[in-house]
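Have a look at the structure below before the remarks.
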Amino acid sequence: MLDRVLELLAPAFTGPDPVVVDANLGLGGHAEALLAAHPDLHLVGIDRDPTAIERSTRRLAPYAGRVTIVRAVSDELPAVLAAAGRPRINGVLFDLGVSSPQLDEAERGFAYSYDAPLDMRMDPEQELTAERVVNTYSVAELTRILRDYGEERFASRVAGFIAKERVANPIDTTKRLADLVRTAIPAATRRTGGNPAKRTFQALRIEVNGELTALEEALPAALDALVLGGRAVVLAYHSLEDRLAKQVLAARTKDTGPPGLPVPLEAYQPRFRLLTRGAELPDDDEVARNPRAASARLRAAERIRQG
Numbered sequence: 006m007l008d009r010v011l012e013l014l015a016p017a018f019t020g021p022d023p024v025v026v027d028a029n030l031g032l033g034g035h036a037e038a039l040l041a042a043h044p045d046l047h048l049v050g051i052d053r054d055p056t057a058i059e060r061s062t063r064r065l066a067p068y069a070g071r072v073t074i075v076r077a078v079s080d081e082l083p084a085v086l087a088a089a090g091r092p093r094i095n096g097v098l099f100d101l102g103v104s105s106p107q108l109d110e111a112e113r114g115f116a117y118s119y120d121a122p123l124d125m126r127m128d129p130e131q132e133l134t135a136e137r138v139v140n141t142y143s144v145a146e147l148t149r150i151l152r153d154y155g156e157e158r159f160a161s162r163v164a165g166f167i168a169k170e171r172v173a174n175p176i177d178t179t180k181r182l183a184d185l186v187r188t189a190i191p192a193a194t195r196r197t198g199g200n201p202a203k204r205t206f207q208a209l210r211i212e213v214n215g216e217l218t219a220l221e222e223a224l225p226a227a228l229d230a231l232v233l234g235g236r237a238v239v240l241a242y243h244s245l246e247d248r249l250a251k252q253v254l255a256a257r258t259k260d261t262g263p264p265g266l267p268v269p270l271e272a273y274q275p276r277f278r279l280l281t282r283g284a285e286l287p288d289d290d291e292v293a294r295n296p297r298a299a300s301a302r303l304r305a306a307e308r309i310r311q312g
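Structure, rendered in structure tokens:
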């Protein structure tokens, strides 16, 4: 949804020395397009993955004088902006979820389509891995993760199968886990909805990387940093991310005054307005070109009052 992202953010960059934050830099595709479209724009790019940092740095080398790239988690955004000397920003983009290279590089352990070590770390230097979660979390903890982060109907059943299997041998590869989940899911359910391990892998990835926790902190902080007329765009790829983005943006775009007041009070007026009606979806042409875009959900808002 690159064109739509550019369209939504462009009105925020009309003033002098505009600044945009790409809170999930990845390979730098959105960042490159923003910098090319706005010659005066300075971009602060954040990513926790050193491979993404390396590749995006090379890609954005032609714009090196207008780019600040920081290896960090998005919930460190206030500290990143303070260190960069740019506490106020004109725009922010959250392109959430796992990147294509993380999925495609088997050794990262994100994908059930490869047999690889059960890793799933976006930051390879952190201690918590998917293998550790699978082999050390209690059945109750695993059930909660699979239910809350994977929306897995058979969370308790899958957790029970995992606990039973790991007694004999630790579960340390993606294939072994995927096969185990397939066995745990009832046959009738396995016939539809794609790979039955999809929800379990999503849940583990979110837990390992604290993705929802980071978004809960980072999105409000980014909204707070926006100047008047500044804009935020969020690209989510599963219902949990999208629901959280919806809730945060809705809270900032509603009148919080007591009901029944004859005249709206300025102190209670919304500081933001929504730029999208619900979540926007990619069009059929984009999905045909890139099937991974099919799950994308886009929301955006603009600051209309200081506060």
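Under the numbering used here, the letters of the sequence shown match residues 6 to 312, in that order. Even glycine gets a Cβ: it sits at the ideal position worked out from N, Cα and C.
So, under 8 Å CB-CB, Ile-94 and Gly-235 are touching, yes? Tell me the CB distance rounded to an integer number of Å. Here residue 94 is taken as the residue at index 89 of the sequence shown, counted from 1. Here residue 235 is taken as the residue at index 230 of the sequence shown, counted from 1. Yes, Ile-94 and Gly-235 are in contact; Cβ-Cβ is about 6 Å, under 8 Å.
Mapping the DSSP letters down to three states, classify Pro-275 as helix, strand or coil. By 1-based counting over the sequence shown, the position of residue 275 is 270. Coil, per DSSP.
Smallest Cα separation from Arg-152: which of Leu-98, Ala-160, Ala-299? Within the sequence shown, the letter at position 147 stands for residue 152. That would be Ala-160, whose Cα lies nearest to the Cα of Arg-152.
Is Leu-39 closer than 8 Å to Leu-30 when the C-beta atoms are compared? By 1-based counting over the sequence shown, the position of residue 30 is 25. By 1-based counting over the sequence shown, the position of residue 39 is 34. Contact flag unset, no.
Best match in Arg-210, Leu-254, Ala-189 for proximity to Leu-224 [C-alpha to C-alpha]: Numbered from 1 along the sequence shown, position 219 holds the residue referred to as residue 224. Among Arg-210, Leu-254, Ala-189, the Cα nearest to that of Leu-224 is on Leu-254.
Whose CA, out of Arg-60, Ala-28, Pro-201, lies closest to the CA of Val-78? The residue labelled residue 78 in the question sits at position 73 within the sequence shown. Of the candidates Arg-60, Ala-28, Pro-201, the one whose C-alpha sits nearest the C-alpha of Val-78 is Ala-28.
Nearest CA to the CA of Leu-303: which residue from Tyr-273, Leu-279, Asn-174? Stepping through the sequence shown from its first residue, residue 303 is reached at position 298. Among Tyr-273, Leu-279, Asn-174, the Cα nearest to that of Leu-303 is on Leu-279.
Under 8 Å between C-beta atoms of Tyr-242 and Ala-301: Here the question's residue 242 lines up with position 237 in the sequence shown. Here the question's residue 301 lines up with position 296 in the sequence shown. Yes, the Cβ-Cβ distance between Tyr-242 and Ala-301 is below 8 Å.
When Phe-277, Glu-12, Ala-135, Glu-81 are compared against Leu-228, the one with the closest alpha-carbon: Here residue 228 corresponds to residue number 223 of the sequence shown, with the count starting at 1. That would be Phe-277, whose Cα lies nearest to the Cα of Leu-228.
Can you give me the C-alpha to C-alpha distance between Ala-293 and Leu-286, rounded to a whole angstrom? The residue given as residue 293 occupies position 288 in the sequence shown. The residue given as residue 286 occupies position 281 in the sequence shown. Cα to Cα, the separation comes out at about 13 Å.
Let me check understanding here. Comparing Cα to Cα, which of Tyr-273, Val-26, Gly-262 lies closest to Leu-48? The residue given as residue 48 occupies position 43 in the sequence shown. When only C-alpha atoms are compared, the closest one is Val-26.
Put Arg-60 into one of helix, strand or coil per three-state DSSP. For this step, residue 60 is matched to residue 55 along the sequence shown. In the structure shown, Arg-60 sits in a helix (DSSP, three-state: H, G or I).
Can you have a look at Asp-260 and say buried or exposed, based on whether 16 or more other CB atoms are within 10 angstroms of its CB? Position 255 of the sequence shown holds residue 260. Per the 10 Å Cβ criterion, exposed.
Tell me the rounded alpha-carbon separation between Thr-179 and Glu-271. Numbered from its first residue, the sequence shown carries residue 179 at position 174. Numbered from its first residue, the sequence shown carries residue 271 at position 266. Taking the straight line joining both Cα atoms gives about 54 Å.
How would you write the range of the alpha helix (DSSP H) that Gly-90 sits in, first residue to last? Taking the first residue of the sequence shown as position 1, residue 90 is located at position 85. Neither: Gly-90 is in no alpha helix (DSSP H) and is coded neither H nor E.
Excluding sequence positions up to five away, which residues of its chain have a Cβ less than 6 Å from the Cβ of Asp-80? In the sequence shown, the residue the question calls residue 80 occupies position 75. The answer, listed in chain order, is Ala-219, Glu-222, Ala-223.
From Ile-309, Ala-306, Ile-74, Ala-284, pick the residue whose C-alpha is nearest to that of Ala-299; which is it? Taking the sequence shown and counting its residues from 1, one reaches residue 299 at position 294. The shortest Cα separation from Ala-299 among Ile-309, Ala-306, Ile-74, Ala-284 belongs to Ala-284.
Starting from the Cα of Gly-262, find the closest Cα among Tyr-273, Ala-256, Leu-185, Val-268 and give me that residue. By one-based count along the sequence shown, residue 262 stands at place 257. If we check each option's Cα against that of Gly-262, Tyr-273 comes out closest.
Rounded Cβ spacing between Ala-250 and Val-239 (contact assumed at less than 8 Å): Locating residue 250 in the sequence shown gives position 245, where the first residue counts as 1. Locating residue 239 in the sequence shown gives position 234, where the first residue counts as 1. Indeed they touch by this definition, with Cβ atoms about 4 Å apart.
Excluding the 5 residues flanking Tyr-68 on each side, which residues of the same chain have their C-beta closer than 7 Å to its C-beta? The residue you call residue 68 lines up with position 63 of the sequence shown. Excluding sequence neighbours, Tyr-68 sits near Leu-40.
Would you call the CB atoms of Leu-5 and Glu-136 closer than 8 Å? Nothing can be reported for residue 5: it is not among the residues displayed for the chain, which extend from 6 to 312.
Can you tell me which of the three DSSP states Pro-55 falls into? The residue labelled residue 55 in the question sits at position 50 within the sequence shown. Correct three-state label for Pro-55: helix.
Which of the three DSSP states is assigned to Ala-28 in this structure? Taking the sequence shown and counting its residues from 1, one reaches residue 28 at position 23. In the structure shown, Ala-28 sits in coil (DSSP, three-state: anything other than H, G, I, E or B).
Does the separation of the CB atoms of Pro-92 and Leu-98 fall below 8 Å? Position 87 of the sequence shown, counted from the first residue, corresponds to residue 92. Position 93 of the sequence shown, counted from the first residue, corresponds to residue 98. In this structure, Leu-98 does not lie closer than 8 Å to Pro-92 by Cβ.
Where Thr-141 sits in the DSSP three-state scheme: To locate residue 141, count along the sequence shown from 1; it is residue 136. Helix.
To the nearest angstrom, how far is the alpha carbon of Glu-156 from that of Gly-70? For the purposes of this step, residue 156 is identified with residue 151 of the sequence shown, where counting begins at 1. For the purposes of this step, residue 70 is identified with residue 65 of the sequence shown, where counting begins at 1. Glu-156 and Gly-70: Cα-Cα distance of roughly 44 Å.
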